[in-house]
Amino acid sequence: MNLFLQVLLDGIALGCAYALVALGYGLIFNITGNFHYVHGGVLVASTMMFYGLTAFFNVPFLLAVFIAIIFAFALGIFVNIFFYEPMLRKGAPILSLFIASFGLYILIENSLTIVFGTRAVGLEGSATILPRRAYDLGPIYITPNQIIIIVTATVLLVVLYFFFTRTRVGTAVRAVASDADVAEVVGIEVKRVRHLLFGIGSGLAAVAGILIALDLNAVDPFMGPRILFVGVASVIIGGFGNVPAAAVGGFAVGVIQNLGAWQFSGEWQLTILFAVLLLVLIVRPEGFFGKKLSRYRE
Amino acid sequence: MEEYLLRMLTFVSIWSILIVSLNLQIGYTGLLSIAQAAFWGIGAYAYAILSKNYGIDFITSTVIAMVISGIAGALVALPSLRLRGIYFLIATLGFQLSAYGVMQNWIDVTRGPMGFYGIPKPVIFGTTVSASTSLFLLSALIAIVAIVLAYRLGRSPFGRALKAIREDELAAAAVGKSIRNFKVLVFIFSALLASAAGSLFSAYISAIDPFAFHVRNSLLMIAIVIIGGAGNIKGSIAGTILFLGVPELLRFIDIPSVYAGQIRELIFGALLVLVIMFRPRGLMGEYEFR
C-alpha cells in the first residue's frame with residue numbers, strides 16, 4: 448500500500464464533496480451577493496433528515512436521499528421567498544439579509560439539537576447498507592462510500608455544466624448572474640431564476656452534506672457552519688462570479704486538507720485555509736480567477 | 022442566592038463591555054465585523070498567560086493584552102477596510118476563524134481544547150481580589166468606565182464624524198473627514214475594549230477554553246447589538262441583560278434544564294429575524310441598521 452496515493456484518494460473523496468458545497472454556495476452567493484449563512488443550516492438540516500429517516504424509520508437509502516434533497520430545495524426557496532425577497536422589496540441592505548440569515552440559522556440549529564441531541568452520532572439503519580469493507584486496488588484501498596462520493600460528484604458536476612451551458616434555463620441563469628437588469632429587459636423572469644438558483648444551490652448542499660456524512664460515517668448537528676466556511680473560502684479564493692473556479696477551489700481544499708493532515712497535525716489545516724482567505728481578500732479581493740471587482744462594491 | 026445574583030451581575034458587566042464596544046462599530050460607524058470574540062479571546066488568553074506564567078499583576082497584564090489586541094486590530098483593520106460590506110465581513114470572519122484556530126491548536130501556549138486552568142484572581146496594587154462582591158465591583162467599575170467612554174465618544178466631535186460616515190460616507194469625505202482613519206480608529210478602540218473584557222473574564226472565571234471565543238459568539242454579539250438597537254448604548258445594555266437573563270427566567274418555568282440553552286437561542290434567533298425584518302432599529306435604537 449502506498450500511503451501517499453491513499454491519502455490523495457481520501458483527499459479526492461473529501462474534495463469532491465467540498466466541490467459540491469462550493470458550487471451550491473457559489474450559485475447563490477454570486478447572484479445575490481449575500482453571505483447566506485443559513486446555507487449551513489440547510490445543509491445540516493437536510494443531512495440530519497437523511498440520518499433520521501434512515502436511522503429511525505429505515506427508509507430505503509435512495510428514497511431518504513431523495514426526500515432530503517427535495518426538503519433542502521424547498522427550504523432554500525422558502526428562505527428566499529419569505530425572508531430575503533420581502534426585505535429586498537423594503538430596500539433592506541445586504542448586511543441586514545445576512546443578519547436575518549444568521550437568525551434563521553440559529554433557529555434551525557437549535558431545533559435540530561433539541562430533536563437529535565448535541566453530539567455527533569454514527570450512521571445507522573439503512574444508511575449503512577453499503578458493505579463496510581475496503582477494496583484492494585493494489586497500491587490503495589477504496590471504500591464503497593468513497594466510490595459513491597466520487598461518482599456522484601463527477602456526474603453532478605458534468606450534468607450541471609451542461610445544464611448551465613446548453614439549456615435555455617441555464618443560459619437564463621447565467622444572464623441573470625451577469626446582469627440582472629439587462630436580463631429583465633430581454634424578458635427573463637429574474638425572480639423565478641433566483642428561486643431556481645436557491646433551490647439548486649440548496650439541493651447541492653443536501654447532496655454534499657450526505658456525502659460528507661457517508662465519508663465520515665457520522666453526522667454532527669454543528670457541522671453546518673464548518674462546511675459552509677469551506678464553501679465561502681473556496682468561492683472567495685476561486686473568484687467572485689466564477690462558479691467553476693469555486694468548485695475547483697473546494698476540490699483543492701479537500702485534497703490539500705488531507706495531504707496536509709498527513710504531514711502536520713490535522714487541525715491546523717483549516718486555520719491555514721482561513722488565513723489564506725484573509726490574505727486573498729486583502730491582496731486580491733477578486734480571487735484568482737474572478738471578475739475584477741470594484742473595491743467599493745457593496 | 023446572593024452568590025448567584027453577583028455572578029449574573031458580573032457576567033452582565035463583562036458582556037456589556039463587549040456589546041457596547043461592538044456597537045461603536047455597528048451602530049456608530051456602520052461597520053459589521055465578525056471578529057469581536059477573537060479580540061475577547063486575545064485579551065483572555067493574554068491575561069491568563071501573563072498572570073499565571075509570569076506572575077504579572079492585573080492592571081499591567083490587562084494593558085499588555087490591550088496593546089496586543091490593538092496591534093492585531095490595526096493589522097486586520099488597515100487592509101480589510103479597503104473592502105466594503107459583505108467583503109469586509111468575510112475578511113473579519115477569516116481573522117476570527119484563524120484566531121480561533123490558533124487558540125485551539127497552539128497547545129504549548131494555550132493548552133488548546135483542554136482549556137487553560139488555574140488563572141490567578143486579579144492582583145491589584147499587591148492585593149488579590151477574590152471575594153465575589155469585590156470581583157463584581159471591579160467588573161462593574163470597568164464596565165462603567167467603558168460605557169461612559171463609549172457614551173462620551175458618541176457625543177464628541179469624533180463620534181459625530183463616525184455617525185456622519187454611517188449616514189453618508191461620500192458627504193463625510195466631502196467635508197474633509199478621512200473615512201479610513203476614522204474607521205480604523207474605531208475598530209482598534211473596539212478591539213481594545215473587547216480585550217479588556219476578555220482579561221476580566223479570564224480573571225473572573227479562572228479557567229478558559231477556546232469555545233467561548235468561537236465565531237458563534239461573535240455572531241451572537243452582533244445579534245444582541247441589533248436587537249438592543251444599533252447606535253444606542255442603553256439598548257446594548259438592555260440587550261445584554263435580555264440575552265443573559267432569559268435562560269435564568271426559564272429556570273422558573275417548567276422546562277427541562279437540558280433544553281434551556283437551546284430555547285434561549287431559539288427565542289433569540291426568532292427575535293433577531295423579527296427585529297431585522299420589521300423593526301430594523303431594534304428595541305431602543307436611534308438608527309435603522311443598513
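Chains as they are written, first to last, in our numbering: chain H, 448 to 745; chain V, 22 to 311. Cβ coordinates follow ideal geometry from the N, Cα and C atoms, glycine included.
Query, Result
"Counting Cβ pairs closer than 8 Å, one from the region 683 to 690 of chain H and one from the region 506 to 518 of chain H, do we hit at least three?", "no"
"Note down the Cα distance separating threonine 113 of chain V from proline 231 of chain V, rounded to an integer number of angstroms.", "18 Å"
"Just list the residues that DSSP pairs threonine 148 of chain V with in beta bridges.", "V:Ile145"
"From this set, H:Leu577, H:Leu663, H:Leu643 and H:Gly488, which residue's C-alpha is nearest leucine 559 of chain H's C-alpha?", "H:Gly488"
"Check whether the Cβ atoms of phenylalanine 757 of chain H and serine 119 of chain V lie closer than 8 Å to each other.", "Examination of residue 757 of chain H is not possible in this model, given that chain H is present from 448 through 745 alone."
"Please name the residues in the region 233 to 267 of chain V whose beta-carbon is closer than 9 Å to at least one beta-carbon of chain H, in chain order.", "Val236, Arg237, Leu240, Leu241, Ile243, Ala244 and Ile247"
"Could you check if aspartate 457 of chain H is buried or exposed, using at least 16 other CB atoms within 10 Å of its CB as the buried criterion?", "buried"
"Counting only C-beta atoms, is alanine 567 of chain H closer than 8 Å to chain V at any point?", "no"
"Among the residues of its own chain, which have a CB less than 6 Å from the CB of alanine 65 of chain V, if the five just before and after it don't count?", "Gly219, Phe222, Ser223 and Ile229"
"Candidates H:Gly697, H:Ile657, H:Gly678 and H:Ile524: which alpha carbon is nearest alanine 574 of chain H's?", "H:Ile657"
"Do proline 672 of chain H and phenylalanine 563 of chain H count as a contact pair if the criterion is CB distance below 8 Å?", "no"
"What runs of the beta strand (DSSP E), each 3 residues or longer, lie entirely inside the region 538 to 590 of chain H?", "none"
"Can you check whether the CB of asparagine 557 of chain H is closer than 8 Å to the CB of glutamine 283 of chain V?", "yes"
"Measuring alpha carbon to alpha carbon, tell me which of H:Trp715, H:Thr718, H:Val654 and H:Val677 ends up nearest glycine 701 of chain H.", "H:Val677"
"Taking C-beta pairs closer than 9 Å, name the residues in chain B that proline 691 of chain H reaches, listed in chain order.", "The structure shown contains no chain B; the protein chains it does contain are H and V."
"How many Å lie between valine 623 of chain H and glycine 646 of chain H at the Cα?", "15 Å"
"Determine whether the Cβ of tyrosine 108 of chain V lies closer than 8 Å to any Cβ atom of chain H.", "yes"
"Go ahead and label leucine 584 of chain H buried or exposed: buried means 16 or more other beta carbons lie within 10 angstroms of its beta carbon, across all protein chains shown.", "exposed"
"Put valine 666 of chain H into one of helix, strand or coil per three-state DSSP.", "strand"
"Using the three-state DSSP reduction, which class does phenylalanine 316 of chain V fall into: helix, strand or coil?", "For residue 316 of chain V there is no data in the structure shown, the boundaries of chain V being 22 and 311."
"Let's test the definition: count the other Cβ atoms within 10 Å of the Cβ of valine 88 of chain V and tell me whether it reaches 16, buried, or not, exposed.", "exposed"
"For leucine 725 of chain H, go through chain V and note every residue whose CB falls closer than 7 Å to its CB, in chain order.", "Ala112, Gly115, Phe116 and Ser119"
"Nearest-angstrom Cα distance between phenylalanine 609 of chain H and isoleucine 288 of chain V?", "44 Å"
"Cα separation between methionine 242 of chain V and leucine 450 of chain H?", "45 Å"
"Taking 8 Å as the CB-CB limit, is isoleucine 561 of chain H close to chain V?", "yes"
"Please decide whether methionine 534 of chain H counts as near chain V, where near means a Cβ-Cβ distance under 8 Å.", "yes"
"Go ahead and label glutamate 286 of chain V buried or exposed: buried means 16 or more other beta carbons lie within 10 angstroms of its beta carbon, across all protein chains shown.", "buried"
"When you check each C-beta in the region 539 to 560 of chain H against every C-beta of chain V, which residues fall closer than 8 Å?", "Ala539, Pro540, Ile541, Leu542, Ser543, Phe545, Ile546, Ala547, Phe549, Gly550, Leu551, Tyr552, Ile553, Leu554, Glu556, Asn557, Ser558 and Thr560"
"Should arginine 742 of chain H be flagged as near chain V, meaning a C-beta pair shorter than 8 Å?", "Residue placement at arginine 742 of chain H cannot be trusted, given a pLDDT of 40 that sits under 50; what the coordinates show is reported in the next sentence. It does: the Cβ of arginine 742 of chain H has a partner Cβ on chain V nearer than 8 Å."
"For the candidate residues H:Thr601, H:Ile683, H:Glu636 and H:Ser681, whose alpha-carbon lies nearest to that of threonine 618 of chain H?", "H:Glu636"
"Please classify tyrosine 108 of chain V: is it buried, with 16 or more other beta-carbons within 10 angstroms of its beta-carbon, or exposed?", "buried"
"Mapping the DSSP letters down to three states, classify leucine 456 of chain H as helix, strand or coil.", "helix"
"In angstroms with no decimal places, state the Cα-to-Cα distance between leucine 71 of chain V and leucine 156 of chain V.", "19 Å"
"Give the straight-line distance between the Cα atoms of arginine 181 of chain V and arginine 201 of chain V, rounded to the nearest whole angstrom.", "15 Å"
"From this set, V:Ala93, V:Ile258, V:Tyr121 and V:Glu24, which residue's C-alpha is nearest isoleucine 169 of chain V's C-alpha?", "Checking the sequence, you will find valine at residue 169 of chain V rather than isoleucine. Here the closest residue by C-alpha is V:Ile258."
"Going by Cα to Cα distance, which pick from V:Glu24, V:Gly115, V:Met29 and V:Leu27 is closest to isoleucine 719 of chain H?", "V:Gly115"
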